[in-house]
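What the sequence shown shows, in full-length UniProt numbering, is residues 1 to 244, in sequence order.
Even for Gly, the Cβ is constructed at its ideal location relative to N, Cα and C.
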Amino acid sequence: MKKIIYTIALVFFTINCFSQQTIIFPSLDKVPIAADLYKINETATYIVLCHLSDHSRGEYIETAKRLNELGYNCLAIDTRTGNEIFNIKNQTAIQAKKLNKPVEFLDSEQDIIAAVNYADSLSNGKGIILFGSSFSASLALKIGTENPKVKLVIAFSPGEYFGKQLNLTKVIKTLSKPIFVTSSKEEAVKVALLIKNIKSRSKTQFIPKGEGKHGSISLWSYNPNNIEYWEALVNFLNKFESLK
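Next comes the structure, spelled out in structure tokens:
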């Protein structure tokens, strides 16, 4: 455990040696959304990065830099459903609570849609890649089904997290865009059932050989089998070089 904590701390220190710009833009209901903009140039495609339920945009301080190296701009957002990670507090959640706005999983959908719109405007309407983690992976699949600005979806550990409010399996059946879906090994069977009837002809589910992790934490360097996740993700993205 001490080794894991040390490794995470080392990664946090190293990544902070790089710079990114923290910005604010409004959600659909005007709640201020905090986001970290990791920009490499004016023309690269944007990946909108969404965290798991108890986290903040800090979930991507390591992953976003790696995606930059692969040739993508990144926008890591705080949705209103979350807390903090790596001492980065979820500012959107703080503001939403101050404004007495609901902060359940589905309430964050409007934040992700606003981020998609914002990132698309930065790329002059060329479209974006939407990347989700846990509950936000489920929302990414839903939004990807409905929003033409989303050209490709990456979903780490999606699931039926919304109870009677939403039947995700039913909603995403018509998703026709390329998708990359993964999870821990333990979650793989449920994830396979979730995406079984999706319409997309380019549907990749990666199941790790190792135990894996829940959500995008799978990509963190402290995860013993992070390399196999990265290899699978990079291989998938390389099929869509034209999106860059």
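In this structure, how does DSSP classify residue i when only helix, strand and coil are distinguished?
{"i": "Asn73", "result": "strand"}
{"i": "Glu62", "result": "coil"}
{"i": "Phe105", "result": "helix"}
{"i": "Lys3", "result": "Residue placement at Lys3 cannot be trusted, given a pLDDT of 39 that sits under 50; what the coordinates show is reported in the next sentence. In the structure shown, Lys3 sits in a helix (DSSP, three-state: H, G or I)."}
{"i": "Leu99", "result": "coil"}
{"i": "Phe135", "result": "helix"}
{"i": "Lys244", "result": "coil"}
Spatial neighbours of residue i within its chain, please: C-beta separation below 8 Å, excluding the five flanking residues on both sides.
{"i": "Tyr46", "result": "Tyr72, Asn73, Cys74, Leu75, Ala119, Asp120, Leu122, Ser123, Ile128 and Ile129"}
{"i": "Lys142", "result": "Glu109, Leu166, Leu168, Val171 and Ile172"}
{"i": "Lys244", "result": "Ala44, Thr45, Gly71 and Tyr72"}
{"i": "Lys126", "result": "Thr45 and Asp120"}
{"i": "Leu99", "result": "Val31"}
{"i": "Val103", "result": "Arg80, Thr81, Ala93, Ala96 and Lys97"}
{"i": "Asn41", "result": "Asn73"}
Using C-beta distances below 6 Å, list every residue in its chain close to residue i, excluding the 5 sequence neighbours before and after it, in chain order.
{"i": "Lys173", "result": "Asn197"}
{"i": "Ala232", "result": "Phe206"}
{"i": "Glu160", "result": "Leu168"}
{"i": "Phe131", "result": "Ile47, Leu49 and Ile154"}
{"i": "Leu52", "result": "Ser133, Ser134 and Gly215"}
{"i": "Lys39", "result": "Asn73"}
Round the Cβ separation of residue i and residue j to the nearest angstrom and send it over; I've been treating them as touching at under 8 Å.
{"i": "Ser133", "j": "Gly215", "result": "4 Å"}
{"i": "Ser27", "j": "Ala114", "result": "5 Å"}
{"i": "Asn87", "j": "Val116", "result": "Rounded, the Cβ-Cβ distance is 27 Å, inconsistent with contact."}
Inspect the beta-carbon positions of residue i and residue j and report whether they are closer than 7 Å.
{"i": "Asp111", "j": "Ile33", "result": "yes"}
{"i": "Phe180", "j": "Phe236", "result": "yes"}
{"i": "Ser176", "j": "Ser157", "result": "no"}
{"i": "Gln95", "j": "Val48", "result": "no"}
{"i": "Arg80", "j": "Asp107", "result": "yes"}
{"i": "Leu219", "j": "Pro178", "result": "no"}
{"i": "Ser136", "j": "Cys50", "result": "yes"}
{"i": "Leu208", "j": "Glu228", "result": "Checking the sequence, you will find Pro at residue 208 rather than Leu. In contact: Pro208 and Glu228 (Cβ atoms closer than 7 Å)."}
Got a sec? Which residues, its chain only, sit under 7 Å from residue i by beta carbon, not counting five neighbours each side?
{"i": "Asn90", "result": "Ser56, Asp78, Gly82, Asn83 and Glu84"}
{"i": "Pro224", "result": "Gly210"}
{"i": "Val234", "result": "Leu70"}
{"i": "Leu37", "result": "Gln20, Gln21, Ile23 and Leu75"}
{"i": "Ser200", "result": "Leu175, Ser176, Lys177, Pro178 and Ile179"}
{"i": "Leu192", "result": "This sequence places Ala at residue 192; Leu is not what is there. Cβ within range, chain order: Gln205."}
{"i": "Ser242", "result": "none"}
Any heavy atom of the ligand ATP closer than 6 Å to the beta-carbon of residue i?
{"i": "Gly210", "result": "Judged by which ligands are present, the structure shown has none, so any question about the ligand ATP falls away."}
Give a yes or no on whether 7 Å exceeds the smallest Cβ distance from residue i to chain D.
{"i": "Ser221", "result": "No chain D appears in the structure shown, which is made up of a single protein chain."}
Ranges of the beta strand (DSSP E) found wholly within the segment 20-57, counting only runs of at least 3: 21-26, 32-38 and 46-50
Which full runs of the alpha helix (DSSP H) of 4+ residues lie inside the segment 143-227, going along the chain? 168-171 and 188-195
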